[in-house]
Each structure stands twice: as structure tokens, then as C-alpha cells.
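Novice: Next up is a structure, given as C-alpha cells.
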Amino acid sequence: MMTSESLAPTARQIFRVVCNARALFSPKPSFSVCSACRRTFATTTLLHAGHNKWSKTKHIKKATDAKKTANRTGAAKSIALFSKLYGTNLTYNPKLATAVAEAKKAGVPKANIEQAIARGQGRSSSGDKLEPVTVEAMMPGGIAVMIDLETGSRAKIKGDFLNPLRKNGGSMSSCVYFFDRTGRAVFAAKEGVDADVALEPAIDCGAEDVNVDEEGIITVWCPPTNLSKVTSGMVDALGLNVLDSIIMWNPKEDLQVKLDSTEDAKKIASFLSLITSDIPDLQGIYTNAIQGSISDAEWEAIEEHLD
Numbered sequence: 001m002m003t004s005e006s007l008a009p010t011a012r013q014i015f016r017v018v019c020n021a022r023a024l025f026s027p028k029p030s031f032s033v034c035s036a037c038r039r040t041f042a043t044t045t046l047l048h049a050g051h052n053k054w055s056k057t058k059h060i061k062k063a064t065d066a067k068k069t070a071n072r073t074g075a076a077k078s079i080a081l082f083s084k085l086y087g088t089n090l091t092y093n094p095k096l097a098t099a100v101a102e103a104k105k106a107g108v109p110k111a112n113i114e115q116a117i118a119r120g121q122g123r124s125s126s127g128d129k130l131e132p133v134t135v136e137a138m139m140p141g142g143i144a145v146m147i148d149l150e151t152g153s154r155a156k157i158k159g160d161f162l163n164p165l166r167k168n169g170g171s172m173s174s175c176v177y178f179f180d181r182t183g184r185a186v187f188a189a190k191e192g193v194d195a196d197v198a199l200e201p202a203i204d205c206g207a208e209d210v211n212v213d214e215e216g217i218i219t220v221w222c223p224p225t226n227l228s229k230v231t232s233g234m235v236d237a238l239g240l241n242v243l244d245s246i247i248m249w250n251p252k253e254d255l256q257v258k259l260d261s262t263e264d265a266k267k268i269a270s271f272l273s274l275i276t277s278d279i280p281d282l283q284g285i286y287t288n289a290i291q292g293s294i295s296d297a298e299w300e301a302i303e304e305h306l307d
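The following block contains the structure:
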């Protein structure tokens, strides 16, 4: 009698045959592409047709984007992540030890480092339990924004957001129905690890989609309940370095809104800039907006704040 486990390799083989057949019989382009241009194309491996979350969320900037890292997260986010994944003991957590050392070199105060380590364990530096909170906001143009944060004072959240919202024509309003909850783990490029290599361990860990971009950055999408397993499993299987591991709000494709108004774009960018600079507890910002007829510069002023 054959078990489901004995069939697993066959399933993977069938999946690969289907992918190869699709590539073989796909129409060939009628024009040539130079090698320099070809290198800019991203390659994506899909585990389930119709669920390519990378293509649905093109506004998401890669986790290695230096500008976002400098503006929003930096060393503190890395420290919190490695504290959460591998514990607080620097002796047994070399990734955390490295992150702490780099933070010190960058001039991050000791108190901030301790706060980030504690945050990774779900507590403030004083030991109080941090509570995850999601703020839902509607902005001009019918744009929905979801903001995740962790705080020890739920009572002050409303005050933190009301003024920036009012200044920019927004309001607190339920918009969760525009989004799905999704796990996303991002890993640094590693020589010899492409989409084919990453595919099998991702499947074993319960992933839904895998993307490897032109720079080799590996992004794995999964149900929220599988995120921890996927993150640690990919590290163990392939020796990858984690850049990010979060449960995010992924906008539903059929409910995304094109942003065409320059005035609306400026208000949204202003709101995002205000909260990212004034509210230290932010964990992630997501929107159902996609670039319409506004300029690239106007869109980038919004995109730089998004996760």
C-alpha cells in the first residue's frame, strides 16, 4: 500500500514536467533581447497557479532596499527579528550577535539595542508585554491603508494617528476586506541557490509561492501559520540568511485601486512620512494602491514607506 509520503516525489516530478512543458510550448518572442536587458527580468517559480503573490504586490519594495531600511527599520528590525527567531542569548545566537555588533558600529544607542531584543520577545525594554495592533485607514481616492504596530499603550494609538490623518484627508475606517493575511520570508542571495533549488525545501515547509529575482533575492510566500516553519526550514535546508520574516497584509488583486491624482498621491505620501518618522512602534505598512497615471517620482514617495 502506497502512502502519501511515497507519492510526494512523484508530485514534485509532475509539477516540474508541467512547468517544463509550459515553457516548451509557450510562444517565442518575435524580437531578440540583448543579454544586458535580459538580466533585468525576474524569474518566478509558482507552486499553485493563480496564487503568485509577488506579481499581485508589485508595489512592495525588496527587503534589501537601502532607503527603506535606513528610514524605517535599520539595525533595530534585524535585531528584533533574530531575537524572535533564535532567542536572546548572543553566545548561542550568532546572527543576533552579528546584528548587535553592526548596530553598535553604526552608533545605535545601547538602550535602543536592548529595546529591539526585548521587542523580538514580544516585550518592551521595561518588561511589559507588547500588544500587536492594526490601524485601518481610508485615504483620498478610496485608497486603503493597513498599519501594523506593537505597543505597550493601546490607549495612545488613536491620538498618534488622528492628526496625521486629518491633515491629509484621511480617516480611521475598516478596510480589512481589501486584504488577505499572508506570510512572507525574504532571504539574501546565495550562490547556487536558484528557483529550482529553493523549490523543494519550500514545498516541504508548507510554502505557496517562491520567487527569485534578478539579484538572487529569494522570497517565499506561505500561510501565516507556516511562517516560522518556512523561515527556519529554509535556513536549515539551504543555509540562507534571513532578511525579513513577517505576516503581512496582501491586497486582493480585484480590489486594488489605481492612483491617478497627484493631489491624492501627495496627501498619502505626506501621511506615510509623518507616521514613519513619529511613531517608533510601526511594524509594517500596506496599501491596495497601485500606480496609475501619477509620475514615477510621486509613486516612489509613497512606495518607499511600504512593506
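At position 123 of the sequence shown the residue is numbered 123 (UniProt numbering), and the sequence of numbers has no breaks.
C-beta atoms are modelled at their ideal positions from N, C-alpha and C, and glycine is treated no differently.
Kindly indicate the opening and closing residues of the alpha helix (DSSP H) around Asp296.
Specialist: Asp296 -> alpha helix (DSSP H) spans 296–303.
Novice: Whose CA, out of Val220, Leu240, Gln283, lies closest to the CA of Glu191?
Specialist: Taking only the C-alpha atoms, the option nearest Glu191 is Leu240.
Novice: Per DSSP, what kind of secondary structure is Glu263 in: helix, strand or coil?
Specialist: Helix at Glu263.
Novice: Quick one: Cα of Lys156 to Cα of Val197, how far?
Specialist: Whole-angstrom Cα-Cα distance: 47 angstroms.
Novice: Could you say which of Met138, Met146, Asn93, Ile79 lies nearest to Arg119 if we only look at CA atoms?
Specialist: Selected option, being the one with the closest Cα: Ile79.
Novice: With C-beta atoms as the reference, is Gln121 less than 9 angstroms away from Ser83?
Specialist: Taking 9 angstroms as the Cβ cut-off, Gln121 and Ser83 qualify as a contacting pair.
Novice: When the distance is taken between beta carbons, is Val186 closer than 9 angstroms to Ile147?
Specialist: For Ile147 and Val186, no; Cβs fall outside 9 angstroms.
Novice: Under 8 angstroms Cβ to Cβ from Asp128, same chain only, skipping five residues before and after it: list those, please.
Specialist: Excluding residues within five positions, the ones whose Cβ falls inside 8 angstroms are Gly152.
Novice: For the pair the stretch 163–177 and the stretch 133–146, tell me if three or more CB-CB distances fall below 8 angstroms.
Specialist: Contact holds: three or more Cβ-Cβ distances are below 8 angstroms.
Novice: Since Leu227 contacts Gly284 with CB under 8 angstroms, what's their CB separation in whole angstroms?
Specialist: Wrong, their Cβ atoms sit about 13 angstroms apart, outside the cutoff.
Novice: Which residue's Cα is closest to the Cα of Val210: Leu199, Tyr177, Gly159?
Specialist: It is Leu199.
Novice: Where does Asn288 land, buried or exposed, given buried means 16+ other C-beta within 10 angstroms?
Specialist: By the 10 Å Cβ count, Asn288 comes out buried.
Novice: Report the three-state DSSP secondary structure of Ser171 (helix, strand or coil).
Specialist: Ser171 falls in the strand class under three-state DSSP.
Novice: According to DSSP, is Ser83 helix, strand or coil?
Specialist: If DSSP states are grouped into helix, strand and coil, Ser83 belongs with the helices.
Novice: Shortest alpha-carbon distance to Asp296 belongs to which of Ser261, Ser232, Ile279?
Specialist: Of the listed residues, the one whose Cα sits closest to Asp296 is Ser261.
Novice: Heavy atom of the ligand GTP less than 8 angstroms from the Cβ of Asp213, yes or no?
Specialist: Because no ligand of any kind appears in the structure shown, any question about the ligand GTP cannot be addressed here.
Novice: May I have the straight-line CA-CA distance separating Glu215 from Ala103, to the nearest angstrom?
Specialist: If I take the Cα positions, the gap works out to 25 angstroms.
Novice: Note the first and the last residue of the continuous beta strand (DSSP E) segment covering Gly183.
Specialist: That run of the beta strand (DSSP E) goes 179–187.
Novice: For the beta strand (DSSP E) holding Asn93, just list the boundary residues, first then last.
Specialist: Element bounds for Asn93: n/a, residue is neither H nor E.
Novice: Thinking Asp264 and Pro140 are a contact (beta carbons under 8 angstroms), I'd like their distance in whole angstroms, please.
Specialist: Right, their Cβ atoms sit about 4 angstroms apart.
Novice: Mapping the DSSP letters down to three states, classify Gln115 as helix, strand or coil.
Specialist: In this structure, Gln115 counts as helix in the three-state DSSP scheme.
Novice: Using DSSP with H/G/I as helix, E/B as strand and the rest coil, what is Glu102?
Specialist: Correct three-state label for Glu102: helix.
Novice: Using only alpha-carbon positions, find the residue among Met138, Glu114, Lys105 that is nearest to Thr88.
Specialist: Closest by alpha carbon: Glu114.
Novice: Which residues share a DSSP beta bridge with Ala144?
Specialist: Note: Ala144 sits in a beta bridge opposite Met138.
Novice: Can you check whether the CB of Ala202 is closer than 9 angstroms to the CB of Met234?
Specialist: In contact: Met234 and Ala202 (Cβ atoms closer than 9 angstroms).
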